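Going by my numbering, the sequence shown opens with residue 119, and the numbers climb by one from there. Where is the CB? At the ideal position from N, CA and C, for every residue including glycine. In this text, all values refer to a predicted model and were calculated from it rather than measured experimentally.
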Amino acid sequence: MPLPLHDNDPPPPPAMEMTQFNTTVGLGGEDSDGEEQEDLSRFGMGDNLQSVSRRTSSMGSEGDGMQLLQTMEIKSTFAPEGQKQSTQKNLPLSVRINHYLFPPHLPPAVQLLRMENLAIPACYFLVGSLQGLSGVLMNVYPIDLGATEAQQITISGLRGLPASFKLVFGFISDGYLLFGYRRKSYMFIGWALCGGSMLFLFLTIKANGDPNITFLSCMYFLFGLGFWYADVMADSVVAEKAKLEPEGTRGSLQSTCYAMRFFALMVFSPISTWLYAAHGPTSVIFLMGTLPLVIMLPLVLRFREEFNPIVMTPKQQCNEIWKTVCSRAVWQPMGFVYLYNVLQVGNAAWKQYLVTVLEFTSVELNSLLIASYVLLYVGVMSYKYYFIKWSWRKVYIFTTTINGFLSGLQILLIFGITFGLGNFWFALGDDAMAEFIAGIQFLPTTIMMVHLCPVGSEGASYAMFTTVHNAALNLSQVFSTLLLGIWPVGKAVFQAANHNCLDCLEDIDCVGSGGGGGGGGGGGGGGGGGEGGTGFQTCPAEEGGSELFLPIYQPDAGMDCSMCLGGEAVQCAVPDDTDALNICEAPGVSGFVKLTLLTTALQISGLLFVKLLPGTREELMAMNKGSNSSRVGGTIFLTITGVSLLYSVVAGVLNIVSPGWSGES
Numbered sequence: 119m120p121l122p123l124h125d126n127d128p129p130p131p132p133a134m135e136m137t138q139f140n141t142t143v144g145l146g147g148e149d150s151d152g153e154e155q156e157d158l159s160r161f162g163m164g165d166n167l168q169s170v171s172r173r174t175s176s177m178g179s180e181g182d183g184m185q186l187l188q189t190m191e192i193k194s195t196f197a198p199e200g201q202k203q204s205t206q207k208n209l210p211l212s213v214r215i216n217h218y219l220f221p222p223h224l225p226p227a228v229q230l231l232r233m234e235n236l237a238i239p240a241c242y243f244l245v246g247s248l249q250g251l252s253g254v255l256m257n258v259y260p261i262d263l264g265a266t267e268a269q270q271i272t273i274s275g276l277r278g279l280p281a282s283f284k285l286v287f288g289f290i291s292d293g294y295l296l297f298g299y300r301r302k303s304y305m306f307i308g309w310a311l312c313g314g315s316m317l318f319l320f321l322t323i324k325a326n327g328d329p330n331i332t333f334l335s336c337m338y339f340l341f342g343l344g345f346w347y348a349d350v351m352a353d354s355v356v357a358e359k360a361k362l363e364p365e366g367t368r369g370s371l372q373s374t375c376y377a378m379r380f381f382a383l384m385v386f387s388p389i390s391t392w393l394y395a396a397h398g399p400t401s402v403i404f405l406m407g408t409l410p411l412v413i414m415l416p417l418v419l420r421f422r423e424e425f426n427p428i429v430m431t432p433k434q435q436c437n438e439i440w441k442t443v444c445s446r447a448v449w450q451p452m453g454f455v456y457l458y459n460v461l462q463v464g465n466a467a468w469k470q471y472l473v474t475v476l477e478f479t480s481v482e483l484n485s486l487l488i489a490s491y492v493l494l495y496v497g498v499m500s501y502k503y504y505f506i507k508w509s510w511r512k513v514y515i516f517t518t519t520i521n522g523f524l525s526g527l528q529i530l531l532i533f534g535i536t537f538g539l540g541n542f543w544f545a546l547g548d549d550a551m552a553e554f555i556a557g558i559q560f561l562p563t564t565i566m567m568v569h570l571c572p573v574g575s576e577g578a579s580y581a582m583f584t585t586v587h588n589a590a591l592n593l594s595q596v597f598s599t600l601l602l603g604i605w606p607v608g609k610a611v612f613q614a615a616n617h618n619c620l621d622c623l624e625d626i627d628c629v630g631s632g633g634g635g636g637g638g639g640g641g642g643g644g645g646g647g648g649e650g651g652t653g654f655q656t657c658p659a660e661e662g663g664s665e666l667f668l669p670i671y672q673p674d675a676g677m678d679c680s681m682c683l684g685g686e687a688v689q690c691a692v693p694d695d696t697d698a699l700n701i702c703e704a705p706g707v708s709g710f711v712k713l714t715l716l717t718t719a720l721q722i723s724g725l726l727f728v729k730l731l732p733g734t735r736e737e738l739m740a741m742n743k744g745s746n747s748s749r750v751g752g753t754i755f756l757t758i759t760g761v762s763l764l765y766s767v768v769a770g771v772l773n774i775v776s777p778g779w780s781g782e783s
């Protein structure tokens, strides 16, 4: 994007304000700052500055009358604040509404509700809509058709595989025109493929009944291919147009687009659940097929984009990307993004704990999911209207601290300390608020990525940055799974604790520190005693199972035996005393509490690297000075990107050809 005026430059005189604004947004100022163009060239932008200006001018040409109106509106933005407010109040209601829909301080190319730009917010809205609609269909419908677990993994792999090629999609659109356009034609094909595959699936079901798993998998793959292709084109267009925003509103374009996406996700997720339950899968499939074809295709045809622009050759494009990633302004902040996301290791046993121990129903779990979507949207809107003025570093410090506090609340729930709230409402505040924090953190990262994109390579570079961002999150999920092996926190442990050990403990008295203790409960009892206090209890056998012999250690006579997961040391073992199942490994701290503390500490530790993140866009651009270029940094960045892409592709292919390769049964 065009760089700001340098800090040492004096403010322009009043007579030059209009020229300065035109130069910034590409509306045809007569002169441009040579030093500014030099800085742009360091980011790979100098060669294409005239192309950006020409594209913007062509998008804003609406005749002499429109140009006069734009000039008047732009001049009004430089009026004193009090005068502007007074002028706005005196305007007729229709004019004020028009200014709200088409902000006069923005160039026409960035006014999203103009007919020639309407495809952009509609694209993001549809992305969120399809993500919300596809959740139940992609995960539940194969099960209803009798798909095995291996087939479910294959379907999931096929559906997600196209996302691994986002960088390829962006690179193609940057350098190869299709019917004279860089993005428009590819976006049209993507949405046509996305909607057409679902509509074909709908017609097939209507004609022949339920499809077989192979055919369903192919349709899901084509749907994902079109979906991600169109999504990459939308991101590329926004990356281009975000550079045209006036200085005071930088970031508002992206925040508006993503607010549309998350609003649609929030609305259509519960709608899809209701449609699937009330009218079956065909209703959801029909909606997913018609929305792209009916809404997006006409809007894409109306979308205004420069015809036959000058594009770089693949070699030039690769050189631009290499020059970009070698800049400290790229590898340092993206290094922070990668390290921070890798450390966002979640408690992978948490959902299992809610279901098995706290006995959350599917309705309650769905309610948690819907609430998280709502607060995700609220988080995005909070950043748009409040946090957007904060420095990026301050946003991460604030949100990470709050997230650590919320993660710590999980420990209170484990111990049953909910301050009078029900378990569901306490968990709702924890899980859903975490999504609110994620919504606030989401936009600073994407806004920073747009600043890093060189002109002419927005598609490939933005896709590359998002690939690194998402690869780190995927790696954190791998670490989350690996941590499950440190302490016994699996489903079997929770089941034993909740349904066997705790039920058994309710039938006996706590054993005092002086020893002794025994028996009584369901399946008989035993004796025991000695220093430290050990009682023995045989739990009744469940249907189809064997009875459990419980040596129970209780250091304090007054402790509640049922607080196993809260910290009491209990061991469940089969009668021959083999394959012991340790539920609470040590007095005072259970394995589950330890896992929660560890994951919380890892998440907060991301703040150790926050100094790598620039606080503002000005700091980001200051990193782009010539002496801050590093081939080593660029090589490391590209290596991480390449390995991440390779892993995504290999994992996706293995999920298709060899389901269960990573240990799933």
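Taking a 10 Å sphere around the C-beta of residue 560, we find 16 or more other C-beta atoms and assign the residue as buried. In this chain, the alpha helix (DSSP H) harbouring residue 522 covers 510-532. Counting along the chain, residue 589 sits inside the alpha helix (DSSP H) bounded by residues 576-601. Each of 334, 352 and 420 was checked against the Cα of residue 400, and the nearest Cα belongs to 334. With respect to residue 271, residue 773 sits close: the two C-beta atoms are nearer than 7 Å. The C-alpha of residue 754 lies about 17 Å from the C-alpha of residue 727. Of the residues assessed, residue 233 falls on the exposed side of the cut-off, its CB having fewer than 16 other CB atoms within 10 angstroms. Shown here for residue 228: same chain residues with a beta carbon closer than 7 Å to its own, the five before and five after excluded, namely 359, 362, 363 and 371 in chain order.
Boundaries of the alpha helix (DSSP H) harbouring residue 451: 446-460, taken from the DSSP string. Under a 10 Å Cβ-count criterion, residue 282 is classified as buried, with 16 or more other Cβ atoms of the shown protein chains found around its own Cβ.
Note that the C-beta distance between residue 288 and residue 578 is below 7 Å. Contact between residue 417 and residue 240 is confirmed by a C-beta separation of about 5 Å, below the 8 Å threshold. In the structure shown, residue 304 adopts helical secondary structure according to DSSP, grouped into three states.
The three-state secondary structure of residue 259, taken from DSSP, is helix. Sixteen is the threshold: since fewer than 16 other Cβ atoms of the shown chains lie within 10 Å of the Cβ of residue 267, the residue is exposed. It is roughly 50 Å from the alpha-carbon of residue 318 to the alpha-carbon of residue 709. By the C-beta criterion, the region 338-353 is judged to be in contact with the region 288-303, since at least 3 inter-stretch pairs fall below 8 Å. Annotation for residue 733: 509, 510, 511 and 512 place their beta carbon closer than 8 Å to its own, counting only its chain and skipping 5 residues before and after.
DSSP places residue 561 within a helical segment (H, G or I) once states are collapsed to three. With distances taken between CA atoms, residue 762 lies nearest to 585 out of 585, 751, 770 and 724. The alpha helix (DSSP H) runs lying completely inside the region 408-451 and spanning 4 residues or more are 415-420 and 432-443, given in chain order.
With distances taken between CA atoms, residue 421 lies nearest to 235 out of 723, 760, 751 and 235. In the DSSP assignment, no residue is bridged to residue 371. Taken through DSSP and simplified to helix, strand or coil, residue 296 comes out as strand.
By the 16-neighbour rule on beta-carbons within 10 angstroms, residue 468 is buried. When the alpha-carbon of residue 378 is set against those of 443, 431 and 494, the nearest one is in 494. If you look at residue 773, you'll find it in the alpha helix (DSSP H) that goes 749-775. Taken through DSSP and simplified to helix, strand or coil, residue 223 comes out as coil.
With respect to the C-alpha of residue 497, the residue from 474, 433 and 381 having the closest C-alpha is 381. Contact between residue 721 and residue 462 holds, since their C-beta atoms are separated by about 6 Å, short of 8 Å. Three or more beta-carbon pairs separated by less than 8 Å link the region 532-545 to the region 475-488, which places the two stretches in contact.
In this structure, the straight-line span from the alpha carbon of residue 327 to that of residue 411 is close to 24 Å. Setting aside the 5 residues that flank it on each side, residue 247 is surrounded in the same chain by 382, 386 and 409, each with a C-beta closer than 7 Å to its C-beta; the list follows chain order.
Each residue's CA atom was taken as its position, placing residue 312 and residue 253 some 16 Å apart. Around the beta carbon of residue 397, fewer than 16 other beta carbons lie within 10 angstroms, which makes this residue exposed. The C-alpha of residue 450 lies about 28 Å from the C-alpha of residue 600.
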